[in-house]
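Q: Residue numbers for the sequence shown follow the numbering used here, so the first one is 10 and each next one is one higher.
By construction, the Cβ of each residue, glycine as well, lies at the ideal position given by its N, Cα and C atoms.
Keep in mind that this is a model prediction, so the values were computed, not measured.
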Amino acid sequence: MPGEAEPMTEAGERTARRAPSLSAQLRSISGRMPGLPTGTRATLRRLDPAAPGRGVDAVIPLLIAAGVNRRAFASDEGFRRWALICHLVATLAGTAAREVHAPVRERGADGQMTGPRHREREAGRRIHAAGVSETRLMRLTTARGPALVAQVARLGRFLAAAGSIPLDLTPLAHLILSEGLDETRADEARLALARAYYAAEAGNDRDTDQIDEDARA
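(1) Whose C-alpha, out of 151, 182, 153, is nearest the C-alpha of residue 165?
(2) Quick check on the burial criterion: 16 or more other C-beta atoms within 10 angstroms. Buried or exposed for residue 42?
(3) Could you tell me which whole alpha helix (DSSP H) segments of length 4 or greater appear in the region 128-189?
(4) Expressed to the nearest angstrom, what Euclidean distance is found between the alpha-carbon atoms of residue 70 and residue 44?
(5) Roughly how many whole angstroms lie between the Cα atoms of residue 172 and residue 38?
(6) Measure the alpha-carbon distance for residue 112 versus residue 155 and round it to whole angstroms.
(7) Is it the case that the region 43-57 contacts the region 87-106, given that we only count it when at least three CB pairs across the two stretches are under 8 Å?
(8) Given residue 187, which residues of its chain have a CB within under 6 Å of its CB, disregarding the five upstream and five downstream residues?
(9) Can you pull the DSSP bridge partners for residue 96?
(10) Taking only runs that begin and end inside the region 35-84, name each unbroken alpha helix (DSSP H) of 4 or more residues, in chain order.
(11) Determine the closest residue to residue 105 out of 191, 47, 190, with distance taken between C-alpha atoms.
(12) Are there 16 or more other CB atoms within 10 angstroms of the CB of residue 133, so buried, or fewer, so exposed?
(13) For residue 86 versus residue 205, is the C-beta distance shorter than 7 Å?
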C-alpha cells in the first residue's frame with residue numbers, strides 16, 4: 010500500500026514532515042485520557058506492565074490516536090515499552106483522568122524550544138516533592154530490564170498518591186524506551202532525573218543544566 014504523499018511547496022518541491030517529538034506524543038496520550046471510556050482507563054491503570062498483552066485493545070488504539078509511529082510498537086518489545094508509558098500516564102491521571110504531562114519548556118510552531126523554563130515541572134523535582142527517598146530514586150536509576158518496569162510502575166503509584174502532577178514525563182519516557190537499546194540516551198535520562206532531584210533537595214532553584222530530552226526526541 011503506497012504511503013501518503015508529502016505536501017508540495019509552490020515551487021513543486023516536497024516538504025519533509027516533522028515527526029512529533031516524544032514530548033508531543035506524551036502530551037497527546039495524556040490529553041486523550043479524559044475522553045477515554047471509564048473501562049478503558051481502568052484497563053490501562055490495571056495493566057500488568059510485565060505482561061501487557063491483555064491490554065492490547067486499550068493500548069494500541071490510544072497510541073495510534075496519539076500519533077505514535079506504528080513501527081515503534083510493532084514488535085513485542087516496542088509494545089511492552091509503550092504499554093508501560095500508557096500505564097504510567099493512566100496511573101498518574103487517576104479516576105479523574107487528569108492531564109499529567111506538562112513539558113518544562115514549550116515548543117514553538119517552528120519546532121524550537123521557546124518561552125520560560127518551568128523548572129518545577131522537572132520530573133526529578135516532582136519526585137523529590139512527592140517524598141520519594143534517595144534510595145527509591147537509586148533503585149529507579151540503577152534498575153535494568155524487568156526491574157526497571159517494576160520500579161516505574163511503583164513510582165507511578167507513589168506520585169499519583171502524592172498528587173505530584175503535572176510533570177514533564179519526557180526523561181522517564183526516554184528511560185523506558187532507551188534502556189537496554191541505547192544506553193547513552195538512557196544514561197542521559199537517568200542523569201536528568203538525578204540532577205533535578207538533588208537540585209530540589211539542595212534548595213537550588215536555578216537551572217540544573219538538565220539535558221533537554223524533548224529537543225533530542
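A: Concretely, from the data shown:
(1) Counted from its first residue, the sequence shown places residue 165 at position 156. Of the listed residues, the one whose Cα sits closest to residue 165 is 182.
(2) In the sequence shown, counting from the first residue as 1, residue 42 sits at position 33. Buried, since its Cβ has 16 or more Cβ neighbours within 10 Å.
(3) 132-138, 143-151, 155-171, 179-187
(4) Counting from 1 along the sequence shown, the entry for residue 70 is found at position 61. Counting from 1 along the sequence shown, the entry for residue 44 is found at position 35. If I take the Cα positions, the gap works out to 13 Å.
(5) Numbered from 1 along the sequence shown, position 163 holds the residue referred to as residue 172. Numbered from 1 along the sequence shown, position 29 holds the residue referred to as residue 38. For residue 172 and residue 38, the distance between alpha carbons rounds to 19 Å.
(6) Sequence index remark: in the sequence shown, residue 112 carries index 103 (1-based). Sequence index remark: in the sequence shown, residue 155 carries index 146 (1-based). Distance between the alpha carbons of residue 112 and residue 155 is about 27 Å.
(7) yes
(8) Against the sequence shown, residue 187 aligns to sequence position 178. Hits under 6 Å: 194, 195.
(9) The residue you call residue 96 lines up with position 87 of the sequence shown. According to DSSP, residue 96 bridges with nothing at all.
(10) 47-55, 65-74
(11) What you label residue 105 is simply residue 96 of the sequence shown in a count that begins at 1. For the residues 191, 47, 190, the minimum Cα distance to residue 105 belongs to 47.
(12) The sequence position of residue 133 within the sequence shown is 124, counting from 1. Looking at its Cβ environment, which holds 16 or more other Cβ atoms inside 10 Å, residue 133 is buried.
(13) Residue numbering aside, residue 86 sits at position 77 when the sequence shown is read from its first letter. Residue numbering aside, residue 205 sits at position 196 when the sequence shown is read from its first letter. Going by C-beta atoms, residue 86 is not nearer than 7 Å to residue 205.
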